[in-house]
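One structure is given here, and the rest of the page talks about it.
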Amino acid sequence: MDPTPQPSTAEESGWESGLSIADQVKAAAEEAVNQSGFVYDESTGLYYDSSTQLYYNSETGLYYNGFTGTWYTYDETTMEYVVHHQVEGFTFENAVAEHVLNSIENYTSELSKKVEAEIKPAKEEGELSEEEVDEVEANKKRKHNTTAHKLAERLPPCARFLVVESTVEEVQVGSLFIIPYHGGIVGRLPKCEVYLNDINVSKEHAKTSYNEDEKSFTIIDLGSRNGTFIHSERLSASKEVSEEYILAHDSRLQVGGVTMIVHVHSGLETCDGCEPGLVVTGSTNNSGSCSNGGAPVTKEDLEMARKRELRKIRQKFGLKQNDIGPDTPAGYQDRAEVRRQKVGIDPVGAKTEVASVQVPIAKKNKGFQMLAKMGWNEGQALGKTEAADAITEPILVEQRTGREGLGADAGPAPVQSDASRKRKAEVLEKTRQRYSQAQ
648 MDPTPQPSTA
658 EESGWESGLS
668 IADQVKAAAE
678 EAVNQSGFVY
688 DESTGLYYDS
698 STQLYYNSET
708 GLYYNGFTGT
718 WYTYDETTME
728 YVVHHQVEGF
738 TFENAVAEHV
748 LNSIENYTSE
758 LSKKVEAEIK
768 PAKEEGELSE
778 EEVDEVEANK
788 KRKHNTTAHK
798 LAERLPPCAR
808 FLVVESTVEE
818 VQVGSLFIIP
828 YHGGIVGRLP
838 KCEVYLNDIN
848 VSKEHAKTSY
858 NEDEKSFTII
868 DLGSRNGTFI
878 HSERLSASKE
888 VSEEYILAHD
898 SRLQVGGVTM
908 IVHVHSGLET
918 CDGCEPGLVV
928 TGSTNNSGSC
938 SNGGAPVTKE
948 DLEMARKREL
958 RKIRQKFGLK
968 QNDIGPDTPA
978 GYQDRAEVRR
988 QKVGIDPVGA
998 KTEVASVQVP
1008 IAKKNKGFQM
1018 LAKMGWNEGQ
1028 ALGKTEAADA
1038 ITEPILVEQR
1048 TGREGLGADA
1058 GPAPVQSDAS
1068 RKRKAEVLEK
1078 TRQRYSQAQ
């Protein structure tokens, strides 16, 4: 069955009801969409089908998957969706991280405006305040992020691990770890999603994943020595892989000397106990009220505090200023990336092959390949034209014993029968003897 919204008949659409042409066309389109199961989304301008979880673009005839960022076409012969193209650089983690940072930035900006409004004098009649101007700009920004927000609400949730107790210096109370829907590893290695630098934690201690059937996060102990505890109950014995346990919301998870509270929310919803912006802002306000001694807060101080808190949050999430990277022109082809995928790269610290005059170079050698492309064959001499006396073997190293210095320890070189050479050898021998006696 073709999922594309199909137009209905004239009588069903109300062509004879006396409406205008525009109203009749609109009514026919709405009725066709309702019959096909598609619902029009005003924020995105697309039709959404809850059964397939795909968006339909009536202008291009393509279907969009918000989970993977892929556009499809529908093949009526095979009744299947065929990949048309994929949005470059789209990942669910980046969309969620961008929304979290935008939410924190909006919250801190609104907090700054409230404090500034208390100390700012009354505005003139008919003049717009900075708060009203900023509100208009914020509304424009919210409309820009509405599409990503609505798509993320239909995606699986992410788990937040908030540290409440810790005996490890590197892991402080209040630290936040985010586990995406595809799961992660809890361990002592820096590459783990939940990195706990504790000697009592194994390199790969436990594994978390999202169970589609149960619609919840689960955890498995990967055979750790000291075990994993949920509400003070150990999952498995020492060095034994445990069964799959469900991580419900507000579960108390203990790994080594670190105790964490698990928060699981659908979509992008959070609570006061796991929202990093609220936790960090609350602690900053408590410490800031005592440090400045009641001095008035200026706009510059609030802006510096906002940037400082955003920098801390980026460090917690492992984000950098240039994670997105510069925009590349349309049609740009990264040839270096294509070569790395096809040819590969040499491993770091790999041993290089040492040349030898006893063994010919292999055919995979770069020099061999370059000469072969120029027309050279193995066993031939070098040069455009091969001469009769051209060498085809490497020049060997020779030790010329007849030209040593006076202090050489080697014996005399063998002399030939020629008289002049014999006389010269005798003179050299006498000179060597006199030099030895002089020492």
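When the letters of the sequence shown are read in order and numbered with my numbering, they come out as residues 648 to 1086.
Backbone N, C-alpha and C fix where the C-beta goes; we use that ideal spot for every residue, glycine too.
All figures in this text were calculated on a predicted structure; none of them were measured in a lab.
Opening and closing residue of the alpha helix (DSSP H) in which residue i lies
i	result
Val1074	1066-1085
Met1017	1013-1020
Distance CB(residue i)-CB(residue j) smaller than 7 Å
i	j	result
Pro827	Ser913	no
Ile866	Tyr892	yes
Tyr719	His731	yes
Gly831	Glu817	no
Leu869	Lys850	no
Tyr710	Leu701	yes
His910	Arg807	yes
Thr906	Val820	no
Leu809	Cys918	no
Thr875	Ala853	yes
Leu716	Val734	Looking at the sequence itself, residue 716 is Gly, so the reference to Leu does not match. The answer is yes: Cβ separation under 7 Å.
Lys963	Leu823	yes
Ala1035	Ala1028	no
Ala685	Asp696	Note that residue 685 is Phe in the sequence shown, not Ala. Against a cut-off of 7 Å, the Cβ pair of Asp696 and Phe685 comes out as a contact.
Lys959	Glu763	no
Ser883	Arg872	no
Pro1041	Val1004	yes
Residue i at chain C interface by Cβ criterion, 7 Å
i	result
Lys1010	Chain labels in this structure do not include chain C; a single protein chain is all it has.
Range of the contiguous beta strand (DSSP E) that encloses residue i
i	result
Arg807	805-813
Asp981	First-last for Asp981: undefined, no H or E at that position.
Leu894	892-894
Gln1005	Note, Gln1005: premise wrong, no beta strand (DSSP E); not H, not E.
Where residue i falls: helix, strand or coil (DSSP)
i	result
Asp696	strand
Gln1027	coil
Arg1047	coil
Asn753	helix
Gln819	coil
Phe876	strand
Asp722	strand
Tyr688	With the sequence shown as reference, residue 688 is identified as Asp, and Tyr is not the correct amino acid for it. The answer is strand: DSSP assigns Asp688 an E or B state.
Ser863	strand
Ser667	coil
Ile960	helix
Glu735	coil
Glu727	strand
Ser849	coil
Ala952	helix
Lys760	helix
Glu947	helix
Lys998	coil
Pro1041	coil
For residue i, the residue or residues it bridges with in DSSP
i	result
Gly834	Tyr842
His910	Arg807
Lys854	Ile832, Ile867
Asn704	Leu709
Ser898	Val909
Ile825	Arg807
Thr717	Asn712, Gln733
Arg881	Phe876
Val888	Leu869
Given 8 Å, three or more beta-carbon pairs between the segment 841-861 and the segment 887-903: In short, these stretches touch, since the Cβ pair count reaches three.
Decide yes or no for the touch test of the segment 953-960 against the segment 752-760: beta carbon pairs closer than 8 Å, at least 3 of them. Yes: the two stretches touch, three or more of their Cβ pairs being nearer than 8 Å.
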